[in-house]
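For reference, the structure is listed below as structure tokens.
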Amino acid sequence: MSHFGFENDIHNVLRLDMPITNAPMARWERKASTSSSSNISSLTPNKSVNRSVSLSKTPSKTPGYQNNLKVLYSQVQTPASIKKSRYISSVPERILDAPDIKNDFYLNLMDWGRQNILAVGLANHVYLWDAAAGGIVLLKKMEDDNEYICSVSWSKDGNFLAVGTSDCKVELWDVQYQKRLRSMDGHLARVSCLSWNDHILSSGSRSGLIHQHDVRVADHHIFTFGGHTQEVCGLTWSPDGKYLASGGNDNMVYIWPMTSGSDNHAIHALSEHQGAVKALAWCPWQPSILASGGGTSDRHIRIWNANSGSCISALDTCSQVSSLVFAPNYKELVSGHGFAHDKVVIWKYPSLTKVAELEGKFDIVVLYRHEDRVLNLALSPDGSTVASVAADETIRLWKSFEKDAVKKPKPTSSIIQQHIR
């Protein structure tokens with residue numbers, strides 16, 4: 001249209017009222033008579049342009065589309081600054097059946113170890129799924145059918161699995177030989193969360209106490225942290241081993257020092273949440289940064305500086321936050337949610353702008369959502385895949401964080417579904 005405006009201006013200045021019929025075709029006329037696609041974005045294809053290419057052949061689907069929605073994550077680019085585009089898959093890479101998983105917000109029933117083995121507690125069983133080979137092993141079955149698994153946690157090297165149970169025990173298993181090495185007593189209520197720091201294993205209980213175990217020695221219990229007035233449901237050591245963060249049903253977050261002295265008091269007591277705090281995650285590339293998520297009465301994700309105890313930022317997610325995990329490949333934060341949306345969300349860190357929802361929605365990446373609340377998240381050891389386990393008795397694997405992901409056609413094969421047992 002800029003060409004037409006230019007010619008009209010020339011016409012008005014020169015007062016040319018009569019057309020010259022035998023003159024050669026003007027440049028603007030030649031351009032107007034042909035279809036040009038130089039200003040058409042690839043995100044908004046024009047039908048007339050497609051027809052001008054071929055009247056007899058239907059244009060093929062553009063790679064990277066699913067159900068007419070493009071699953072592209074990148075900034076709008078000009079032809080002069082084209083870069084590789086990251087694509088977030090619109091379907092889970094795999095779905096595992098997880099029957100009889102306990103629908104209890106306060107438990108921590110899944111963890112992914114460094115040896116690429118996913119551990120999950122289902123009722124009174126612990127199963128191991130080898131993500132590389134696809135094999136499934138029953139590691140443990142509790143003798144009393146009325147008891148159940150409450151928590152699982154891998155050691156840093158992925159060779160040993162800690163298991164917390166409803167009968168107040170903490171067990172240590174050698175996974176290679178499928179052998180229980182020891183059973184550690186001391187708690188007076190169920191053990192709902194676990195976290196490793198080298199040879200120190202921390203366990204949190206419904207009693208509100210956090211026990212520290214040195215797994216190398218017979219007299220394993222070395223000291224106790226006491227601050228929570230209700231169940232401890234979140235527990236995680238910082239990447240540098242300097243701090244232990246705990247969250248509880250009393251809406252509190254405590255940050256504890258790595259100490260075995262007699263003065264075992266929290267460094268910080270953080271009371272901003274208005275709901276139970278189960279979701280806790282330390283930032284791998286900023287080890288003093290802690291993310292926490294609140295339950296149904298709170299719904300917020302909060303980012304903390306563990307050194308100062310200050311809240312750096314807060315975000316209302318409008319949904320119960322049940323789990324958090326940092327994804328270092330793209331420096332993002334992943335959150336799992338319960339009531340009212342039952343979804344998994346990827347956030348850019350530190351801005352906390354939404355990258356994708358693993359849930360059907362038109363203006364965000366369209367993915368297959370869970371049918372009940374998400375209970376736990378776990379990240380694969382290579383950082384490429386996040387696993388989400390939900391009360392709908394499924395584990396879904398989302399390969400959303402591959403390094404150097406580029407545009408490629410969607411696979412034509414159906415979703416692989418496998419039973420844990």
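Under full-length UniProt numbering, read the sequence shown as residues 1 to 421, first letter to last.
C-beta: ideal position from N, C-alpha, C; glycine also.
Among the candidates the options, whose CA atom is the shortest distance from the CA of residue i?
i      : options                           : result
SER394 : ARG369, LYS403 and LEU379         : It should be pointed out that residue 394 corresponds to Thr in this sequence rather than to Ser. Closest by alpha carbon: ARG369.
TRP285 : GLU332, LYS102, GLY247 and LEU118 : GLU332
HIS221 : ILE200, ALA276 and ASN159         : ILE200
ASP404 : ALA390, GLY383 and SER319         : GLY383
ASN249 : THR259, CYS283, ASP214 and LEU209 : LEU209
SER308 : ALA356, TYR243 and GLY247         : TYR243
ILE267 : GLY336, SER288 and VAL277         : SER288
ASP167 : VAL137, SER202 and ARG206         : ARG206
SER183 : ALA218, GLN176, MET258 and LYS156 : ALA218
GLU93  : ALA131, HIS265, VAL137 and GLY135 : ALA131
SER179 : ALA119, LEU139 and VAL120         : Per the sequence shown, residue 179 should be read as Lys rather than Ser. Residue LEU139 is the option with its Cα nearest to LYS179.
TYR177 : GLN212, SER202, VAL137 and ASP145 : VAL137
GLY247 : GLY295, ASP144, GLN212 and THR259 : GLY295
GLY336 : LYS278, LYS156 and ALA306         : LYS278
Apart from the five residues just before and just after residue i, which ones in its own chain have a Cβ nearer than 8 Å to its Cβ?
i      : result
VAL386 : VAL325, ALA327, VAL334, VAL344, LEU377, ALA378, LEU379, SER380, LEU397, TRP398, SER400 and PHE401
SER313 : ARG302, ILE303, PRO350 and LEU352
LYS361 : Bear in mind that the predicted position of LYS361 carries a pLDDT of just 41, short of 50, making it unreliable; the figure below should be weighed with that in mind. There are no such residues.
ALA80  : Note that ALA80 scores 39 on pLDDT, short of 50, meaning its location in the model is unreliable and no value can be drawn from it.
THR165 : MET142, GLU147, TYR148, ILE149, CYS150, GLU171, ARG190 and VAL191
THR21  : For THR21, the predicted model reports a pLDDT of 46, less than 50, meaning its position is unreliable and no value from the coordinates is stated.
LYS156 : ARG114, TRP196 and ASP198
Between which residues of its own chain and residue i is the CB-CB distance below 7 Å, once the five residues before and five after are set aside?
i      : result
LEU181 : LEU172, TRP173 and ASP174
ASP240 : PRO287
LYS141 : ASN124 and HIS125
ASP214 : HIS199, ILE200, HIS220 and ILE222
VAL355 : TYR73, GLU332, ILE346, TRP347 and LYS348
SER297 : GLN274 and GLY275
GLN230 : GLY208, GLY248, ASN249 and ASP250
Taking Cβ to Cβ, would you say residue i is nearer than 9 Å to residue j?
i           : j      : result
ALA162      : TRP129 : no
LEU194      : ASN116 : no
MET252      : GLY293 : no
MET110      : VAL389 : yes
TRP282      : SER310 : no
ASP316      : HIS300 : yes
residue 479 : ALA276 : Beyond the ends of the chain as shown, which are 1 and 421, falls residue 479; an answer cannot be given.
LEU270      : PHE105 : no
LYS169      : ASP145 : no
Check whether the Cβ of residue i lies closer than 9 Å to any Cβ atom in chain B.
i      : result
SER203 : Included in the structure is just one protein chain, with no chain B present.
Between which residues of its own chain and residue i is the CB-CB distance below 6 Å, once the five residues before and five after are set aside?
i           : result
ALA245      : THR236, ILE255, LEU280 and LEU290
GLU371      : ASP392
GLY338      : GLN320, SER322 and ARG373
ASP100      : LEU122 and ALA123
residue 422 : Only positions 1 to 421 of the chain appear in the structure, and residue 422 is not among them; the question remains open.
ASN264      : PHE223 and PHE225
PRO257      : ILE267
ALA119      : ASP111, LEU128, VAL152 and LEU161
Stretch-stretch touch, CB-based, cutoff 8 Å, three pairs: the segment 144 to 152 with the segment 181 to 192: Yes: at least three Cβ pairs fall under 8 Å.
Length-filtered (4 minimum) alpha helix (DSSP H) runs lying within the segment 91 to 115: Taken in chain order, no unbroken stretch of alpha helix (DSSP H) lies wholly in the segment 91 to 115 with a span of 4 residues or more.
Length-filtered (3 minimum) beta strand (DSSP E) runs lying within the segment 148 to 179: Runs of beta strand (DSSP E) with 3 or more residues, each lying fully within the segment 148 to 179, are found at 149 to 154, 160 to 165 and 170 to 174, listed in chain order.
Whole runs of the beta strand (DSSP E) within the segment 206 to 234, excluding any shorter than 3 residues: Counting only runs of at least 3 residues, the segment 206 to 234 fully encloses the following beta strand (DSSP E) elements, listed from N- to C-terminal order: 209 to 214 and 221 to 226.
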